[in-house]
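Engineer: Position 71 of the sequence shown, counted from 1, bears residue number 1357 in the numbering used here, the numbering being contiguous throughout.
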Amino acid sequence: MPSPLVTTDWLQENLNNERLVLIDASMVNVVGKEPIIYDRPVFIPGSYKIDLEGTLCDTGSSQIHAFPTEEQFTEEARRLGITPESLVVLYDNQGIYSAPRAWWILRAMGLKQVFVLDGGLPQWLAEGRDTVSAPVAEAATPGSVVGKLDQGLVRDSAYVSQHLEDGHVLVIDARSQARFLAQAPEPRPGVRGGHIPNSLNLPFTEVLEGYRFKPASQLAAMFARLAPSLQPGNGHQLVFSCGSGITACIILLAAELAGYNRLSLYDGSWADWGSNESLPVA
1287 MPSPLVTTDW LQENLNNERL VLIDASMVNV VGKEPIIYDR PVFIPGSYKI
1337 DLEGTLCDTG SSQIHAFPTE EQFTEEARRL GITPESLVVL YDNQGIYSAP
1387 RAWWILRAMG LKQVFVLDGG LPQWLAEGRD TVSAPVAEAA TPGSVVGKLD
1437 QGLVRDSAYV SQHLEDGHVL VIDARSQARF LAQAPEPRPG VRGGHIPNSL
1487 NLPFTEVLEG YRFKPASQLA AMFARLAPSL QPGNGHQLVF SCGSGITACI
1537 ILLAAELAGY NRLSLYDGSW ADWGSNESLP VA
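#1: Out of A1311, A1470, P1501, state which residue places its alpha-carbon closest to the alpha-carbon of A1544.
#2: In this structure, how does DSSP classify S1550 when only helix, strand and coil are distinguished?
#3: If you compare alpha carbons, which of Q1504, V1477, G1519, T1417 is closest to H1454?
#4: V1328 by DSSP, collapsed to three states: which one?
#5: My parser needs the beta strand (DSSP E) runs of 3 or more residues fully inside the segment 1397–1452; what are they?
#6: Identify, in the order they occur along the chain, each residue of the same chain with its Cβ nearer than 6 Å to the Cβ of T1360, setting aside the five sequence neighbours on each side.
#7: The beta strand (DSSP E) that contains D1295, what's its start and end?
#8: Identify the residues that DSSP records as bridge partners of R1465: which are they?
#9: Among the residues of its own chain, which have a CB less than 6 Å from the CB of L1376, if the five just before and after it don't count?
#10: Is the beta carbon of G1429 less than 8 Å from the beta carbon of I1330?
#11: From this set, S1515, L1392, N1379, which residue's C-alpha is nearest L1407's C-alpha?
#12: Have a look at S1515, R1474, P1514, Q1463 and flag the residue whose alpha-carbon is nearest the alpha-carbon of F1490.
#13: Rounded to a whole number of angstroms, what is the C-alpha to C-alpha distance between I1350 and L1549?
#14: Are the CB atoms of V1477 and A1557 nearer to each other than 8 Å?
#15: Quick one: Cα of C1343 to Cα of L1435, how far?
#16: If I follow the unbroken alpha helix (DSSP H) through D1337, where does it start and stop?
#17: Could you name the residues of the same chain whose beta carbon sits closer than 8 Å to that of L1505, not counting the 5 residues immediately before and after it, in chain order?
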């Protein structure tokens, strides 16, 4: 399974795979798109539920949606029964929205066999597949994975500021063009309009087609158009940003699909940068 995505067909065939850990990573708050609203709880059979806005968020941090601590992650992985042999598949109820954030958290904490369901719950429902009304509470056998954060996969404002003029480090912003250009107000009080100097804009909605990602060839062409020198294998470190570190992971995953491999997340993103008066704004 070289791709970070799995299809609904693959998931259907593997629902009874004893190595599978299936996780609903949906969020309550959906920003930057018209949310899909459900009149009742709906889950893919065998799913666990994680809370990206609580259990897997470092609430002791001043940042919005801060990366969880290693201890938080380890405790949650234990509840979910995740072992080094697990095949972890993540999905959300918007198609592609918050599942990539959960995917990057698990990857950054050391898991290798982690995937996102392309199209998520909406695609599953559109194909008339079975659902249930409640998630599984916890695994019968506790997990054995211990989280160890790879610091190179999660960046802060100090790293971004240090590399503002470094042509080998490119910041790509997943917010809408209107927010990027300060033509639309920021949804969070106290956050300035505009963008990080020298950053590039790729709204997360542009890498999606319906509920799913666009084909890898289209994604590769999209990234190539962002900057003349932006090609896989040319040494660029790509740092992804958005409003608060959620939708940045969508275009981060799109970059991996397009063939890039030096990827990291600016976890605080614009909510962090735009609220710090000491940092420059374009």
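Glycine included, each C-beta is placed from N, C-alpha and C at the ideal position.
Keep in mind the model is a prediction, meaning the values are calculated, not measured.
Structural biologist: Short version:
#1: Indexing the sequence shown from 1 puts residue 1544 at position 258. The shortest C-alpha to C-alpha distance from A1544 to any of A1311, A1470, P1501 is the one to P1501.
#2: Sequence index remark: in the sequence shown, residue 1550 carries index 264 (1-based). Here S1550 sits in strand by DSSP.
#3: Position 168 of the sequence shown, counted from the first residue, corresponds to residue 1454. Nearest option by C-alpha distance: G1519.
#4: Mapped onto the sequence shown, residue 1328 falls at position 42. Residue state, collapsed to three classes: coil.
#5: Within the segment 1397–1452, the runs of beta strand (DSSP E) that reach at least 3 residues and sit entirely inside it are, in chain order, 1400–1403.
#6: The residue labelled residue 1360 in the question sits at position 74 within the sequence shown. Around T1360: V1432, G1433.
#7: Against the sequence shown, residue 1295 aligns to sequence position 9. That residue, D1295, is in no beta strand (DSSP E); its alpha helix (DSSP H) goes 1294–1300.
#8: As a position in the sequence shown, residue 1465 is number 179, starting the count at 1. Answer is none; R1465 lacks a bridge partner.
#9: Numbered from its first residue, the sequence shown carries residue 1376 at position 90. I1309, A1311, A1385, A1388, W1389, V1402.
#10: On the sequence shown, position 143 is the one that residue 1429 refers to. On the sequence shown, position 44 is the one that residue 1330 refers to. No. Outside cutoff.
#11: Locating residue 1407 in the sequence shown gives position 121, counting from the first residue. Nearest of S1515, L1392, N1379 to L1407, Cα basis: N1379.
#12: Here residue 1490 refers to the residue found at position 204 of the sequence shown. Nearest C-alpha to F1490: Q1463.
#13: The residue you call residue 1350 lines up with position 64 of the sequence shown. The residue you call residue 1549 lines up with position 263 of the sequence shown. Distance between the alpha carbons of I1350 and L1549 is about 21 Å.
#14: If you number the sequence shown from 1, residue 1477 lands on position 191. If you number the sequence shown from 1, residue 1557 lands on position 271. In this structure, A1557 lies closer than 8 Å to V1477 by Cβ.
#15: In the sequence shown, residue 1343 corresponds to position 57, counting from 1. In the sequence shown, residue 1435 corresponds to position 149, counting from 1. C-alpha separation (whole angstroms): 14 Å.
#16: If you number the sequence shown from 1, residue 1337 lands on position 51. Judged by DSSP secondary structure, D1337 falls outside any alpha helix (DSSP H); it is assigned neither H nor E.
#17: For the purposes of this step, residue 1505 is taken as residue 219 along the sequence shown, with counting starting at 1. Hits under 8 Å: V1493, F1499, A1540, A1541, L1543, A1544.
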